[in-house]
Amino acid sequence: MSSPPPSSPCRPEPAMMANRPDELPPRSQRIFAWFRWYCRRYYFPAHFHALRLLPPTQCLAGDHSDPDPAMPLVILANHPSWWDPVVCTLLSARFPTRVIYSPIDARALETYRFFRKLGFFGVEQGTARGAARFLQCSRAVLDTPGTILWITAQGRFTDPRSRPVTLMPGLARVLARWRKPAMVLPLAIEYPFWDERSPEALAHFGEPLQVDPSRPISAEAWGGLLAGRLEQTMDNLALAGISRDPGIFHTLHTGRAGVGGMYDRIRRASAWLGLRRFDGTHAAAIAVRKTKEIGDGGYP
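Pasting the structure below:
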């Protein structure tokens, strides 16, 4: 498959871009920015306790910034949940100079048509036409400065504990045909319940893979490398998640805590009458109870 002509640099403009074969999929940066703000301000806090990022490997700076803004970048994520697009949208803020494009099942895109304006492009799974479109759009993204090809290559919802990690072959085929330097950054995501009624969203960027044009690798070999590196990243996040220790994560966003409803209204009023600051978290409630028991002569 021949390479498409170089695309012009992707600019954050509100208009939807054309979708000719030699150009990027349609996208509106203005709508994407609004959607990310909405997720951060309202949608995510209503459903999660926090978004926590495990400290990065040495490839990333301490602020989780872009490892090399000039290099074509692929983010390879696992696909544990329906919530992945929301969480990935929030994580995209760690790459402020780049524009995001993501493949999605064409049938799902028909259901969530709004995603077209966010840079999602539909791919028919299991067909030659779908494979050709994925290769075409992926190469166009990688050929455009200032972009990210953000992909959940498992191709379906998969429990993050499932081993071995298996991936769809499309990305490996793209990288086997790519003849320029590029970077693949693995991303692990999972949604455990810790101490609150809402789940945590945990994420971790792993050790990157470098695409070296002077050392071509077959699609089969790329498939093994990608799956192995993503599995390693998922294992690291799983161990951190099992610890249930928020202190080893960077907390990016916080949501609701406590029981909610009338019960928390009563607790809030009680704290106000006692001239105390109300903290609705389960950990705070346990700490208050232990303090009271110690004061009453209970267990130390």
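Here the working numbering is used: position 261 in the sequence shown is 287, and no number is missing along the way. No residue lacks a Cβ here, since even glycine has one placed at the ideal position from N, Cα and C.
Inset, instruction - Work out the CA separation of Arg223 and Pro239 for me, nearest whole Å. - result: Computed Cα separation, rounded: 49 Å.
Legend entry - Exposure of Pro98, with buried meaning 16 or more beta-carbon neighbours within 10 Å: By the beta-carbon neighbour count (other beta carbons within 10 angstroms, threshold 16), Pro98 is buried.
Legend entry - At least 3 beta-carbon pairs within less than 8 Å: the segment 141 to 154 vs the segment 214 to 228: With the cut-off at 8 Å, the segment 141 to 154 and the segment 214 to 228 do not touch.
Legend entry - Gly148 and Arg155 closer than 9 Å at C-beta: Taking 9 Å as the cut-off, the Cβ atoms of Gly148 and Arg155 do not count as close.
Inset, instruction - Between the Cα of Glu257 and those of Ser164, Met194, Arg187, spot the shortest distance and give me the residue it belongs to. - result: Nearest of Ser164, Met194, Arg187 to Glu257, Cα basis: Arg187.
Inset, instruction - Quick one: using the 10 Å Cβ neighbour count with 16 as the cut-off for buried, is Asp110 buried or exposed? - result: Using a 10 angstroms sphere on the CB of Asp110, the tally of other CB atoms reaches 16 or more, which defines it as buried.
Inset, instruction - Return the first residue and the last residue of the beta strand (DSSP E) that His73 is part of. - result: His73 -> not in any beta strand (DSSP E); alpha helix (DSSP H) instead, spanning 70 to 73.
Legend entry - Local conformation of Leu80 per DSSP, three classes: Coil.
Inset, instruction - Using alpha carbons as the reference points, say which of Cys65, Ile215, Ser164 lies closest to Ala119. - result: For Ala119, the closest C-alpha among the options Cys65, Ile215, Ser164 is that of Cys65.
Inset, instruction - Would you kindly report the start and end of the unbroken beta strand (DSSP E) that includes Gly148? - result: Looking at the DSSP string, the run of the beta strand (DSSP E) that includes Gly148 is 146 to 149.
Legend entry - Given Arg203 as reference, the closest of Glu246, Phe183, Glu49, Gly172 once Cα atoms are compared: Among Glu246, Phe183, Glu49, Gly172, the Cα nearest to that of Arg203 belongs to Glu246.
Inset, instruction - Alpha carbon to alpha carbon, how far is Pro71 from Leu228? Give it in angstroms, no decimals. - result: Roughly 14 Å separates the two Cα atoms.
Inset, instruction - Look at the alpha carbon of Glu226 and the alpha carbon of Val200, and state the distance between them as a whole number of angstroms. - result: Distance between the alpha carbons of Glu226 and Val200 is about 33 Å.
Legend entry - For Pro82, the nearest candidate out of Phe58, Val125, Pro234 (CA to CA): Looking only at Phe58, Val125, Pro234, the smallest Cα-Cα distance to Pro82 is reached by Pro234.
Inset, instruction - Have a look at Gly267 and His75 and give me their C-alpha separation to the nearest angstrom. - result: Computed Cα separation, rounded: 14 Å.
Inset, instruction - Rounded to whole angstroms, what's the CA-CA distance from Arg78 to Arg270? Just pull it up for me. - result: Taking the straight line from one Cα to the other gives about 11 Å.
Inset, instruction - Starting from Val167, follow the alpha helix (DSSP H) in both directions and report where the run begins and ends. - result: Where Val167 is concerned, the enclosing alpha helix (DSSP H) stretches over 154 to 168.
Legend entry - Tyr127 - partner residues in DSSP beta bridges: Leu175, per the DSSP bridge assignment.
Legend entry - Three-way DSSP call (helix, strand, coil) for Asp89 in this model: Summary for Asp89: the model assigns pLDDT 49, below 50, so the residue's position carries little reliability, and this model does not support an answer.
Legend entry - CA nearest to the CA of Ile126, picked from Ala59, Pro195, Trp248, Arg255: The shortest C-alpha separation from Ile126 is found at Ala59.
Legend entry - Presumed contact (8 Å Cβ cut-off) between Ala198 and Gly249, rounded CB distance: Right, their Cβ atoms sit about 4 Å apart.
Inset, instruction - From the DSSP output, in three-state form, read off Ala202 for me. - result: The answer is helix: DSSP assigns Ala202 an H, G or I state.
Inset, instruction - Would you mind reading off the limits of the beta strand (DSSP E) that contains Ile215? - result: In this chain, the beta strand (DSSP E) harbouring Ile215 covers 208 to 216.
Legend entry - Straight-line gap, Arg255 to Arg182 (C-alpha atoms, nearest Å): Roughly 19 Å between the two C-alpha positions.
Legend entry - Rounded C-alpha distance that separates Gln55 from Arg189: Cα atoms of Gln55 and Arg189: separation of roughly 37 Å, rounded to the nearest angstrom.
Inset, instruction - Express the C-alpha separation of Thr137 and Leu86 in angstroms, rounding to a whole number. - result: Legend: pLDDT at Leu86 = 46, less than 50; position of this residue unreliable, value from coordinates given subsequently. Taking the straight line from one Cα to the other gives about 36 Å.
Inset, instruction - Using a threshold of 9 Å, state whether the C-beta atoms of Val237 and Lys206 are closer than that. - result: Judged by beta-carbon spacing, Lys206 lies within the 9 Å limit of Val237, meaning their Cβ atoms are closer than that value.
Legend entry - Outcome for Pro242 when other beta-carbon atoms lying within 10 angstroms are tallied against a minimum of 16: So Pro242 ends up on the exposed side.
Inset, instruction - Report all residues from its chain with a CB closer than 6 Å to the CB of His276; omit the five preceding and five following residues, and keep chain order. - result: A distance below 6 Å between beta-carbons, with the five flanking residues on each side excluded, links His276 to the following residues of its chain, in chain order: Leu79.
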